[in-house]
Amino acid sequence: MKILLVEDEVLIALEQQFYLETAGYTVSGPATTAGEAVAIAGDEKPDLALVDVHLGQGSSGIDAARDLAAIGVPSLFITSFRDELKKGGPVAGIGCLPKPFTESGLLAAVDAARAVLAGETPRNVPQTMELFV
Numbered sequence: 000m001k002i003l004l005v006e007d008e009v010l011i012a013l014e015q016q017f018y019l020e021t022a023g024y025t026v027s028g029p030a031t032t033a034g035e036a037v038a039i040a041g042d043e044k045p046d047l048a049l050v051d052v053h054l055g056q057g058s059s060g061i062d063a064a065r066d067l068a069a070i071g072v073p074s075l076f077i078t079s080f081r082d083e084l085k086k087g088g089p090v091a092g093i094g095c096l097p098k099p100f101t102e103s104g105l106l107a108a109v110d111a112a113r114a115v116l117a118g119e120t121p122r123n124v125p126q127t128m129e130l131f132v
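Its first residue numbered 0, the sequence shown is counted upward by one per residue in numbering that gives the first Met the number 0.
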């Protein structure tokens, strides 16, 4: 599975990348803005994007998720700003895993997203994760 990181905090992106690559995922990014996310996704064709709500240069992860969905890339939000996801109506995303996350929580959330995308019932969903589908 190819995963695009959409995160402007370098240390968090490196942590995500380490956990995911150690588990065998192919990782691209991190994209730090919505525009950069769409550009990387157009080139890399990821299976899933992990998206923070607040991105660099005042960019919105919610907008990034909508733009990514328009080109066929589903998103899973990884953010401290879960409440902001509910402000503007339906969100273009599979769900949300709040920060801070653990390695096992991140990997379980990605596996739950993979199951949803495959039309399966997710198992081992982290307690803090909210699925939107």
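Backbone N, C-alpha and C fix where the C-beta goes; we use that ideal spot for every residue, glycine too.
- Per DSSP, reduced to three states, the secondary structure at Thr78 is strand.
- Rounded to the nearest angstrom, the gap between the Cα atoms of Ala69 and Gly60 is 14 Å.
- Cα atoms of Gly57 and Arg122: separation of roughly 35 Å, rounded to the nearest angstrom.
- For Thr25, the uninterrupted beta strand (DSSP E) segment begins and ends at 25-30.
- As a beta-bridge residue in DSSP terms, Pro97 pairs with Thr78.
- Annotated as proximal: Gly92 and Ala64, with beta-carbon spacing under 8 Å.
- In this structure, Ala40 lies near Leu3, with their beta-carbon atoms less than 8 Å apart.
- If you look at Ala63, you'll find it in the alpha helix (DSSP H) that goes 60-69.
- Between the C-alpha atoms of Leu116 and Pro45 there is a straight-line separation of about 13 Å.
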